[in-house]
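Let me begin by presenting the structure, written as structure tokens, before commenting on it.
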Amino acid sequence: MLLSSIIGIFSFILILFFVIFSESCVPETRNAVMMFLNTVLPTMFPFYVLSSLIVSGGFLTRIAKPVKPLTERVMRLPGSCIAAIILGCLCGFPIGAKITCDLKARGDITEEEAERLSSFTNNVGPVFMASIVGGTYLGSIRSGLLIWLSVTLASLGSGILLCRVHRSSAAPGFGGTPPIQGKTDIPAAILSSLNTVLYVGAVIIFFSSVTSLLKLIPCLSDFIYSASYSFLEITGGLRSLGESVQAANPILKYMLFSAFSAWSGCSVHMQVCGILASGNIKVKYYFIGKFLQSLLAPLIAAALFFFL
């Protein structure tokens with residue numbers, strides 16, 4: 239009841255700000271819409287469709303057996319989870335959350351395994367980090383790939399830690415009820431993926447509108463503004479962060495970018511939590527994983543800076 243009241247009051251205040259300072263908010267919202275149409279939709283939608291086809295087409299059943307010993311011994315998860323792990327690292331968020339929900343819906347994994355799997359399979363993708371963060375924000379594709387590598391290693395490390403510390407109540411190798419063997423349903427995959435990508439776009443647009451209000455706060459330093467922006471939404475936040483720390487020590491810059499990239503921003507959390515909620519998957523492990531990754535990623539980035 240208290241939380242609902244706080245959210246209601248906060249929402250009312252935001253409405254007032256949007257009305258009073260519409261000249262500042264509308265351009266940012268328009269930019270977010272264009273970014274969604276020009277970047278997010280064409281790049282993410284095909285990945286969503288293809289990942290759904292991978293899960294529904296029986297491909298996981300064939301690859302699960304060879305990797306079963308690895309996933310069971312290292313992460314205490316069924317072999318079918320390998321798709322969420324690999325695609326979550328290579329395709330970027332929230333692909334991992336969508337595959338996790340699909341696996342649970344098929345009966346390949348239990349609810350508890352889905353919660354642990356979601357803790358480390360929703361990360362920044364190499365394309366975003368190399369082309370946008372590295373090539374555009376930092377002026378170096380290599381820098382973007384190093385940051386992506388540090389975040390990925392931190393994610394896998396936190397996943398192994400959480401999965402091994404937690405003692406599953408399921409017997410070793412148990413992956414829920416027997417997998418449902420169904421035919422590949424392309425129309426269903428397209429419809430499901432469209433709903434997901436539209437939800438992702440709506441969240442991006444909403445957070446871009448909210449973060450535009452940060453500029454109205456008086457006496458806010460460029461770094462604090464950029465850090466707050468990155469905490470809420472990383473696409474625009476990292477761009478602002480790159481501008482504010484342009485003259486900073488390279489190691490410090492890498493560590494900051496790695497920490498915020500590992501955190502991924504509240505905008506991404508809302509995307510992932512919305513998808514996980516649709517599959518009745520709790521988000522406790524997801525947030526624990528993100529916290530651990532935010533601590534590990536800058537340390538790994540500093541080490542990679544010296545050795546690579």
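Take 239 as the starting number for the sequence shown in the working numbering and just add one per residue.
Every residue gets a Cβ at the ideal spot worked out from N, C-alpha and C, and that includes glycine.
As a quick exercise: from Asp423, Phe445, Gly439 and Phe544, pick the residue whose alpha carbon is nearest that of Phe256. Phe445
Of the residues Phe331, Leu384, Ala335 and Ala427, the one placed nearest Phe544, counting alpha carbons only
Leu384
Considering just the uninterrupted stretch of the alpha helix (DSSP H) at Ile370, what are its terminal residues?
Neither: Ile370 is in no alpha helix (DSSP H) and is coded neither H nor E.
Beta-carbon proximity check, Ser447 vs Gln531, cutoff 9 angstroms: no
Below 8 angstroms on the Cβ atoms is my contact criterion, and I expect Gly334 with Ser318 to pass it. Report the Cβ-Cβ distance as a whole number of Å.
In fact, because the Cβ distance is near 14 angstroms, the residues do not count as touching under 8 angstroms.
For this session: Determine the direct distance from the alpha carbon of Arg380 to that of Val365, and round the result to whole angstroms.
Result: 12 angstroms
Measuring only the C-alpha atoms, how far is Ile519 from Asp340? 11 angstroms
Near Ile347, what residues of its chain come up, given a Cβ to Cβ distance below 8 angstroms and the 5 sequence neighbours on each side ignored? The beta carbon of Ile347 sits closer than 8 angstroms to those of Leu315, Pro316, Ser318, Cys319, Thr338, Leu341, Leu355, Gly413 and Gly414, all from its chain and outside the five residues before and after it, given in chain order.
Q) Secondary structure at Asp346, three-state DSSP: helix, strand or coil? A) Coil, per DSSP.
Across the stretch 456 to 469 and the stretch 520 to 539, are there enough close Cβ pairs to call them in contact, namely three or more that are closer than 8 angstroms?
no
Three-way DSSP call (helix, strand, coil) for Arg354 in this model
helix
- Task: Taking the CB atoms as reference points, tell me whether Gly382 and Gly330 lie closer together than 9 angstroms.
- Result: No. Outside cutoff.
### Message
Along the chain, where does the alpha helix (DSSP H) containing Lys528 start, and where does it finish?
### Response
Lys522 to Phe545
Item checked: Proximity below 9 angstroms, CB of Ala427 to CB of Val287 -> yes
Cβ shell of Gly503 (< 7 angstroms), same chain only, five flanking positions each side left out: Ser468, Phe469, Leu470, Glu471, Ile472 and Gly475
Counting Cβ pairs, one atom from each stretch, are 3 or more of them under 8 angstroms apart for the stretch 277 to 291 and the stretch 423 to 441? Counting C-beta pairs closer than 8 angstroms gives three or more between the stretch 277 to 291 and the stretch 423 to 441, which meets the contact rule.
#### Entry: Inter-residue spacing [alpha-carbon to alpha-carbon] between Gly439 and Ser478
21 angstroms
Q. What's the gap between the Cα of Ser505 and the Cα of Thr449?
A. Take the alpha-carbon of Ser505 and the one of Thr449: they are about 10 angstroms apart.
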